[in-house]
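One structure is given below, encoded as structure tokens.
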């Protein structure tokens with residue numbers, strides 16, 4: 001029983017996600033389909049890349065991750081399938097795979113890519129505007145049902161990668177930026193556990209406020225207090241205990257974050 | 263393994279959709295349940311009819327579509343089950359099936375209807391306000407588990423149909439209206455591929471703006487540009503590339519759209 | 525095929541719910557996973573308790589309900605699993621089980637509780653901030669796959685209970701309060717069918733308005749009219765027919781509701 005995950009910017013009201021599931025289940029009736037997110041900000045490929053890279057490590061071998069954030073649908077952008085470790089990606093070749101691929105590379109995992117160029121694995125009629133339904137869902141269904149990756153298209157070795165902002169070393173620590181704001185209003189930045197390993201944080205500064213040191217978890221401090229901590233996937237997070245740091249600090253994606261080390 | 267889809271105006275926060283799934287799975291433990299939408303505008307049967315008609319063609323034979331947008335719950339409106347082609351409908355007899363039925367008629371597909379009047383297929387206690395849980399979920403569960411349609415109630419041949427707005431021929435082309443605004447702010451109107459077949463669009467006009475001609479897909483034009491195109495289900499769509507036409511034009515359901523032909 | 529339900533305050537955009545499903549399906553590949561709600565108000569344990577208690581009665585024996593509304597994550601609050609009747613609870617020991625437990629007690633159903641203290645049933649690495657992924661999902665997966673409750677931890681007999689507001693008898697009837705506002709803007713209060721049994725309601729008063737008597741269902745009155753009725757789970761509900769009572773009355777959780785009996 002293969003697991004497929006779906007990540008899109010389609011929202012939840014129009015039925016488009018359900019239609020993709022109908023196509024998949026028509027080909028792989030036993031599939032377990034899991035929604036990762038359908039509330040990726042419209043056309044925000046970097047956000048999809050982040051969600052995918054944080055989620056994939058918790059899925060078993062064989063899982064097929066379908067990601068459709070696809071502003072280039074119907075243009076010359078290539079449709080892609082890939083093997084990353086023992087899991088799979090199906091979606092546009094637009095960089096949504098970037099962070100997951102970097103993880104896999106750092107761990108020496110297998111990576112293979114194919115250009116989806118075999119229309120016999122697509123719906124018979126392909127629209128110009130909804131390849132999620134017409135190409136990616138049927139390809140994912142075939143993959144889940146046992147079609148090997150190499151049958152789906154010709155090999156390629158240059159998948160598109162996003163140029164994502166990297167944290168910079170400063171004389172007193174690190175400068176990063178906010179890369180995700182979650183449902184609770186927690187602010188995740190591109191500084192990670194690895195950047196801070198073996199060092200002690202003196203202050204985290206953003207939006208004109210300084211936070212002294214870090215905590216392990218929210219409940220260490222009273223509700224309403226601003227805290228910095230390592231989130232569950234290793235990113236530096238700024239939070240308000242039982243509240244919203246995004247609202248408190250009027251924070252936005254891309255806002256700078258300074259870390260001063262002791 | 264039968265597929266069931268659910269379409270409601272229940273929203274996602276109150277657990278009511280989950281309760282329906284609990285009832286269904288108690289009767290059909292192997293069912294694959296797919297959410298089409300639970301964000302139908304409250305009491306908007308026409309919107310449910312549109313989502314259902316766009317989605318059903320992508321599901322395999324045997325699928326049971328449960329639609330519960332039900333302002334008449336607990337009144338004299340009939341509970342309905344139907345066979346449409348090789349798929350099924352379960353829900354109130356309030357017209358949500360209209361567009362799907364018209365499709366099926368135009369294709370000469372089978373249609374059968376029953377008035378759900380057999381309480382032995384319902385929950386033992388039926389509330390006045392939640393037939394989704396008490397009647398439609400258990401009926402769908404029984405249908406998915408193999409109970410034949412004709413056992414569920416007496417035949418009927420006059421299912422309720424919505425009187426939906428039809429596009430009108432004008433001296434220079436067509437006059438239609440906006441019938442759906444999607445998650446991205448794309449505006450779908452009731453003019454369809456069939457209306458424009460073999461003709462060439464000169465301009466699409468709405469909200470005081472004129473759009474010259476049509477494109478095949480979003481990426482043909484730069485971000486921010488207003489375009490007209492055929493959407494993935496054949497309706498005329500007005501979009502802003504990587505933006506929201508609804509916000510740009512302050513557009514609403516029912517707003518008129520003029521098409522001038524060359 | 526075991527059913528698991530998930531109830532959280534995680535929202536739907538960040539992928540955290542999907543990650544929990546990945547962990548569960550890795551352990552229990554045949555599980556049927558049902559979302560009850562992921563839009564519980566942040567940190568609102570009482571709301572989770574209400575949704576759980578309204579939903580559980582509609583699920584079959586063996587269902588495992590995973591509830592993660594967890595402001596105390598990473599502190600000394602205990603992780604809990606419980607058997608309630610023939611179903612199960614997995615989540616923090618913070619009172620989310622309160623109302624379901626009261627139902628079970630009133631019906632004389634079985635109750636057993638264990639303190640989750642066996643890390644061999646958790647992920648190998650446990651974060652300080654996401655026990656839904658690291659403890660509760662794997663424990664639920666093991667339970668669904670057949671691990672007996674008693675293997676998961678030491679027995680305990682004092683699960684945390686919430687002190688929830690109780691309706692009060694008044695000289696002319698009852699005084700209660702609003703405990704839930706649903707997607708439609710219906711106002712549910714803590715007065716229940718049991719409080720009103722055998723009596724006749726003269727007026728329901730809240731927010732400066734008086735509603736005469738009660739109806740059985742919405743469709744008995746014209747759209748826009750304010751009505752009181754018994755909801756599908758037995759609570760007194762105040763609604764606007766085809767509208768939002770919350771918007772009309774500017775109502776909030778905790779607002780008082782008076783019932784005058786005839």
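Residue numbers (the numbering used here), protein chains in the order written: chain X, 1 to 262; chain R, 263 to 524; chain P, 525 to 786. Positions of the beta carbon are idealized from the N, C-alpha and C atoms, including for glycine.
For residue i, count neighbouring C-beta atoms within 10 Å of its own C-beta (all shown protein chains included) and say buried if the count is 16 or more, exposed if not.
i: residue 455/R; result: exposed
i: residue 432/R; result: exposed
i: residue 524/R; result: exposed
i: residue 210/X; result: exposed
i: residue 79/X; result: buried
i: residue 316/R; result: buried
i: residue 589/P; result: buried
i: residue 345/R; result: buried
i: residue 434/R; result: exposed
i: residue 208/X; result: exposed
i: residue 518/R; result: exposed
So that I know if they touch, is there some Cβ in chain X lying closer than 8 angstroms to that of residue i?
i: residue 469/P; result: Residue 469/P lies beyond the stretch modelled for chain P, which goes from 525 to 786, so this question has no answer here.
i: residue 355/R; result: no
i: residue 481/R; result: yes
i: residue 493/R; result: yes
i: residue 549/P; result: yes
i: residue 665/P; result: no
i: residue 478/R; result: yes
i: residue 758/P; result: no
i: residue 595/P; result: yes
i: residue 301/R; result: yes
i: residue 542/P; result: yes
Taking only beta-carbon atoms, is residue i less than 8 angstroms away from chain R?
i: residue 558/P; result: yes
i: residue 75/X; result: yes
i: residue 120/X; result: no
i: residue 133/X; result: yes
i: residue 714/P; result: no
Determine which residues share a DSSP beta bridge with residue i and list them.
i: residue 776/P; result: For residue 776/P, which the question treats as bridged, DSSP gives no partner whatsoever.
i: residue 174/X; result: 169/X, 259/X
i: residue 559/P; result: 530/P
i: residue 89/X; result: 65/X, 82/X
i: residue 417/R; result: 376/R
i: residue 192/X; result: 235/X
i: residue 490/R; result: 500/R
i: residue 647/P; result: DSSP output for residue 647/P lists no bridge partner at all.
Nearest-angstrom Cα distance between residue i and residue j?
i: residue 286/R; j: residue 403/R; result: 5 angstroms
i: residue 109/X; j: residue 689/P; result: 55 angstroms
i: residue 295/R; j: residue 446/R; result: 26 angstroms
i: residue 483/R; j: residue 115/X; result: 25 angstroms
i: residue 765/P; j: residue 691/P; result: 26 angstroms
i: residue 174/X; j: residue 657/P; result: 30 angstroms
i: residue 163/X; j: residue 95/X; result: 9 angstroms
i: residue 149/X; j: residue 468/R; result: 46 angstroms
i: residue 86/X; j: residue 29/X; result: 22 angstroms
i: residue 273/X; j: residue 487/R; result: Because residue 273/X is not part of the residues shown, which for chain X are 1 to 262, the question remains open.
i: residue 452/R; j: residue 714/P; result: 46 angstroms
i: residue 275/R; j: residue 564/P; result: 6 angstroms
i: residue 104/X; j: residue 239/X; result: 29 angstroms
i: residue 52/X; j: residue 100/X; result: 7 angstroms
Does any C-beta atom of chain P lie closer than 8 angstroms to the C-beta of residue i?
i: residue 3/X; result: yes
i: residue 252/X; result: no
i: residue 433/R; result: no
i: residue 60/X; result: yes
i: residue 276/R; result: yes
i: residue 272/R; result: yes
i: residue 182/X; result: yes
i: residue 179/X; result: no
i: residue 55/X; result: yes
i: residue 304/R; result: yes
Taking 7 angstroms as the cut-off, is the CB of residue i close to at least one heavy atom of the ligand MN?
i: residue 30/X; result: Of ligands this structure carries none, so the ligand MN is not represented either.
Quiz item: Touch check for the segment 191 to 206 of chain X and the segment 150 to 157 of chain X: three-plus C-beta pairs under 8 angstroms?
Solution: Judged by Cβ distances under 8 angstroms, the segment 191 to 206 of chain X makes no contact with the segment 150 to 157 of chain X, as fewer than three pairs qualify.
Quiz item: Using 8 angstroms as the threshold, is the segment 568 to 577 of chain P in touch with the segment 591 to 607 of chain P, meaning 3 or more CB pairs across them?
Solution: They touch, by the three-pair rule.
Practice problem: Could you say if the segment 654 to 668 of chain P and the segment 609 to 622 of chain P meet the contact criterion of at least three C-beta pairs nearer than 8 angstroms? | Solution: When C-beta atoms of the segment 654 to 668 of chain P are compared with those of the segment 609 to 622 of chain P, three or more pairs fall below 8 angstroms, so the two segments count as touching.
Exercise. Report yes or no: do three or more beta-carbon pairs, one from the segment 115 to 126 of chain X and one from the segment 4 to 14 of chain X, lie closer than 8 angstroms?
Key: No: the two stretches stay apart, fewer than three of their Cβ pairs being nearer than 8 angstroms.
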